[in-house]
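> Residue numbers (our numbering), protein chains in the order written: chain L, 134 to 713; chain U, 10 to 297.
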Amino acid sequence: MIKQLSWKVGGQQGEGIESTGEIFSTALSRQGYFLYGYRHFSSRIKGGHTNNKIRVSIEPMNSISDDLDILVAFDQETIDLNHHELSSKGVIIGDSKFSPKLPEGCNARLYSVPFTEIATELGTSLMKNMVAVGATSALLGLKAEVFQSVVDQIFARKGASVVEKNMQAIVKGMEYFTNEAEGLTGDFQLEKADGQKRMYMIGNDAIALGAVAGGARFMPAYPITPASEIMEYLIKKLPEFGGTVIQTEDEIAACTMAIGANYAGVRSLTASAGPGLSLMMEAIGLSGITETPLVVVDTQRGGPSTGLPTKQEQSDLFAMIYGTHGEIPKVVIAPSTVEEAFYDTIEAFNIAEEYQVPVILLSDLALSLGKQSVEPLDFSKVEIRRGKLDLNTELPELEKGQYFKRYEVTEDGVSPRVLPGMKNGIFHVTGVEHNEQGKPSEAPENREAQMDKRMRKLNNLTEVFPDPVYKDERHEEADLLVLGFNSTRGTIQEVLPRLEADGLKVNHGQIRLLHPFPADEVQEMVKKAKKVVVVENNATGQLASLIKMNLAMQDIHSILKYDGNPFLPAEIHTKCKELF
Amino acid sequence: MATFKDFRNNVKPNWCPGCGDFSVQAAIQRAAANVGITPDDLAVVSGIGCSGRISGYINSYGFHGIHGRSLPIAQGVKMANRDLTVIASGGDGDGFAIGMGHTIHAIRRNIDVTYIVMDNQIYGLTKGQTSPRSEMGFKTKSTPNGSIESALGVMELALSAGAGFVAQSFSSDLKELTSLIEQGIEHKGFSLINVFSPCVTFNKVNTYDWFKENLTSLSDIEGYDPADRASAMSTLIKHNGLVKGLIYQDKEKPSYESLVSGFKDEPLASQDLELGEEQFEKLVNEFM
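1) Chain U beta carbons: is any one of them nearer than 8 Å to that of P372(L)?
2) Does the pairing of the segment 425–438 of chain L with the segment 584–600 of chain L give three or more beta-carbon distances under 8 Å?
3) Under 7 Å, CB to CB, which of the residues in the segment 81–98 of chain U have a partner in chain L?
4) Run the CB neighbour count on M10(U), radius 10 Å, all protein chains shown included, and call it buried at 16 or more, exposed below.
5) Is S190(L) closer than 8 Å to Q137(L) when the C-beta atoms are compared?
6) In this structure, does DSSP put M555(L) in helix, strand or coil?
7) Applying a beta-carbon distance threshold of less than 8 Å, which residues of chain U neighbour A416(L)?
8) Using CA coordinates, which residue listed in V547(L), G503(L), I484(L) is at the minimum distance from R518(L)?
9) Can you check DSSP and say which residues form a bridge with Y603(L)?
10) Out of K538(L), Q447(L), D688(L), point me to the one whose CA is closest to G558(L)'s CA.
11) Work out the CA separation of Q164(L) and D327(L) for me, nearest whole Å.
12) Which full runs of the alpha helix (DSSP H) of 4+ residues lie inside the segment 183–262 of chain U, going along the chain?
13) Are the beta-carbon atoms of K141(L) and N215(L) separated by less than 8 Å?
14) If we require 4 or more residues per run, which alpha helix (DSSP H) segments fall completely within the segment 379–405 of chain L?
15) Is the beta carbon of G61(U) closer than 8 Å to that of D103(U)?
16) Take Q209(L) as the anchor and find which of K230(L), D523(L), A391(L), E516(L) has the nearest alpha-carbon.
17) Please list, in chain order, the residues of the segment 375–388 of chain L that have any C-beta partner in chain U closer than 9 Å.
18) Please list the residues of the segment 563–585 of chain L that have a C-beta atom closer than 7 Å to any C-beta atom in chain U, keeping them in chain order.
19) Go ahead and label D218(U) buried or exposed: buried means 16 or more other beta carbons lie within 10 angstroms of its beta carbon, across all protein chains shown.
20) Once the 5 residues before and after G642(L) are set aside, which same chain residues still bring their CB inside 6 Å of it?
21) Checking the sheet assignment: what are the DSSP bridge partners for A40(U)?
22) CA-CA distance, E155(L) and M364(L)?
23) Only counting runs of 3 or more residues, tell me where the beta strand (DSSP E) segments fall wholly within the segment 71–116 of chain U, in order along the chain.
24) For a quick check, are the C-beta atoms of Q447(L) and F618(L) less than 8 Å apart?
25) Identify, in the order they occur along the chain, each residue of the same chain with its Cβ nearer than 6 Å to the Cβ of K148(U), setting aside the five sequence neighbours on each side.
26) Classify G343(L): buried if its beta carbon has 16 or more other beta carbons within 10 angstroms, exposed otherwise.
27) In angstroms, rounded to a whole number, what distance separates the CA positions of Q146(L) and P553(L)?
28) Does F272(U) have its Cβ less than 8 Å from a Cβ in chain A?
29) In chain L, which residues lie less than 9 Å from L284(U) when you measure between Cβ atoms?
30) Residues bridged to D431(L) by DSSP?
31) Kindly say whether L201(U), judged by its beta-carbon, lies nearer than 8 Å to any beta-carbon of chain L.
32) Does DSSP classify H706(L) as helix, strand or coil?
33) Excluding the 5 residues preceding and the 5 following V86(U) in the sequence, name in chain order all residues of the same chain whose CB lies nearer than 6 Å to its CB.
34) Using beta carbons (cut-off 8 Å, strictly below), is A662(L) in contact with chain U?
35) What does N18(U) reach in chain L if we use C-beta pairs closer than 7 Å?
36) Whose Cβ in chain U lies nearer than 7 Å to the Cβ of P702(L)?
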């Protein structure tokens, strides 16, 4: 019996690779296993190698594994490109249709199963992925019933006979494989899982769900990888709550339309990736100077320009912090798990309204598209706070020619907020420097007063923000502190026990509030470690630079990867050891 | 009932004396009073340029945004609060150069916003460069030998983009302009009103007198029917776009808001943000 295994299905894009992985992993999730799924895909619709790597465990984990136990191949290219990941006991199950062959030097055990042929006999070759799921489950010692609820869910609307056929395909795949590979099945028998119900979702699902729970009711957005799932979910869900999504003509329209809606009192977000965020920068500055709440999601991918549009990278950090011209108060939040992505999205809307600032919710491709097991989200932790917006106030009548002091200079910098349509609340909004009533003013003393007011709004944010740094501090005196942000958390966590086994005392921190920077908290962590290393998916070490700047320290090591793929635990492990 | 004086504030416009934009300001104030709204019900969203300042010169909610983006901001405002009367405004550079993409898409989207363009065929605030509305051969700081790009026929373009309300007017005709703005506000859907609003400082060609001489009133064309899209197009082509009046209106075209599934009559901004526990659990369960 094994505690975990790593499984991958691969083939040509467009031939059902994703759904094969979906069915396999959803069924296992419903048995109570912890899962982590990562898709490798290309920027095209049909053709090109794609694969879906899924890790199954009886314990929580949030990372891809170094190696692979089972490779399900729909073409020879899948074997040629992926066999090197296979462990010494690894198994390849290939479709007999392409006469799978082992590459030179590959010692894996290869089984040829007629996926396509069995499926065709049952009615349609489309079911070849179900046959493959069946063959895999034979190897894992799973019963066909495990897949019933998933098959029901996917095919129910196509009728009972389609459900039946698909279940048959699974059973046939199981039977064929059991006969073919007699005696092998013991190797991959998974220990029984706890049977607990958990959610299984990608980061973008969590962000979208967080938007609904956080009160967002309007999303103007422009499609882009890897952000589109957020708008796709909200297109389906917002109408249930009276809201809607508009697919705009470009990202500038998306961002400015969201600003218009927020100004008029509706929590509104937009989501994009680097190229879209570049276009939104002027509008984000407008949100800053007009103190209009705004939430923008940036799902980072390989840049610059079109870069590596379907690949992992964390290179937008500086652009998000410093991207607008001029100086505005801005918040950049970086959740590091799918669960955090949900709660942080709600918090992003609260902060945007409480502080009347733009908030960037920073994600990365591996977090946005990586699929993780999540403990059921907690309704009691959902809270909506709108700050100094009072919708019930009867406002005193304004003197003739005077406007409501929407930009009143206050001690905490945050001014009272009213909405267009409210009686006696008329004020003016402009991206031009303005006085307390929003009327343009170039007077030097007013400029200073308004600039100071805006900039002091965030003075207390690092103190009130929930867990600005995720901390795993096992040691008061550590040999090494590993720091990261966004999706690297799960991989770093995977490495910690390995480094401990090497005799090193290691602490870990994942920075969740990137701007304003929680310097005191990070400083405390740094003090406890002899060496500090920052792990990030970019070429220039942006987070390391940010830490150096905020902590006035230079002695920081970097582990960088920018080939488009997320870190493997072994890569971080090896490079950490090299520091000693 | 509010009068046009209620839409005045004490801010002195920084426009040059004689600027066509003063009339547009007055027409908006009169039209708003005439349709029976109060200053609290009105949001004027404007772009950047001399004309973009207009949102600050009207006693109403006002949003002076960024160059070329008055329309997406205005559409966001309207989607958030459909009880508001939303006017977007700006110059020809704002709407037909940097903001052209938004103009076309606002037309085809058809959200109930009234878009008033102050068209002076030149860039005024940056002190006299060519605009997409400048005629071929027009000499400016950026085209010292005369423009070698053709002027954009924006009314024709709006018609072909599927606009439900297209009108054009002239700063000297306050009565017609006011009436067209009223009709635009009352039109359910997007309305485009292009106003020839002369720049007395930098455009010495397209002057008040030039427009008086060259503009044809549609009311003077016998049998002109603003419900006839084909004749609207041919009339525009025949007169090189130099007409004034209601060019085209399709009163049946449904607004975007009326087509959004589940979109309530009550403004989105006044709806409850919180989910019930049952609703929440249902959403969570969908991922299990």
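In this text, a Cβ means the ideal position worked out from N, Cα and C, and glycines have one as well.
The structure says:
1) yes
2) no
3) The residues in question are P81, I82, A83, Q84, G85, V86, M88, A89, N90, D92, L93.
4) exposed
5) yes
6) coil
7) Neighbours of A416(L) on chain U, chain order: I75, R78.
8) I484(L)
9) Q643(L)
10) Out of K538(L), Q447(L), D688(L), K538(L) has the C-alpha closest to the C-alpha of G558(L).
11) A direct Cα-to-Cα measurement between D327(L) and Q164(L) gives close to 7 Å.
12) 183–195, 217–223, 238–247
13) yes
14) Taking only runs of at least 4 residues, the alpha helix (DSSP H) segments lying wholly in the segment 379–405 of chain L are 384–396.
15) yes
16) K230(L)
17) G375, G376, T377, I379, T381, E382, D383, I385, A386, A387, C388
18) Going along the segment 563–585 of chain L in chain order, one finds T563, G564, V565, K572, P573 with a Cβ nearer than 7 Å to chain U.
19) exposed
20) Residues of the same chain with a CB within less than 6 Å of the CB of G642(L), apart from the 5 flanking positions on each side, are V602, K604, L616, M658 in chain order.
21) According to DSSP, A40(U) bridges with nothing at all.
22) Annotation: E155(L) to M364(L) spans about 21 Å, alpha carbon to alpha carbon.
23) With a minimum length of 3 residues, the continuous beta strand (DSSP E) runs that stay inside the segment 71–116 of chain U are 94–100.
24) Contact: yes.
25) G155
26) buried
27) Cα to Cα, Q146(L) sits roughly 49 Å from P553(L).
28) No chain A appears in the structure shown, which is made up of the protein chains L and U.
29) V345, A346, G348, F374, F512, V515
30) S405(L), L495(L)
31) no
32) helix
33) Cβ neighbours of V86(U) beyond the five flanking positions: A52, V95.
34) no
35) G534
36) Simply none; closest approach about 26 Å.
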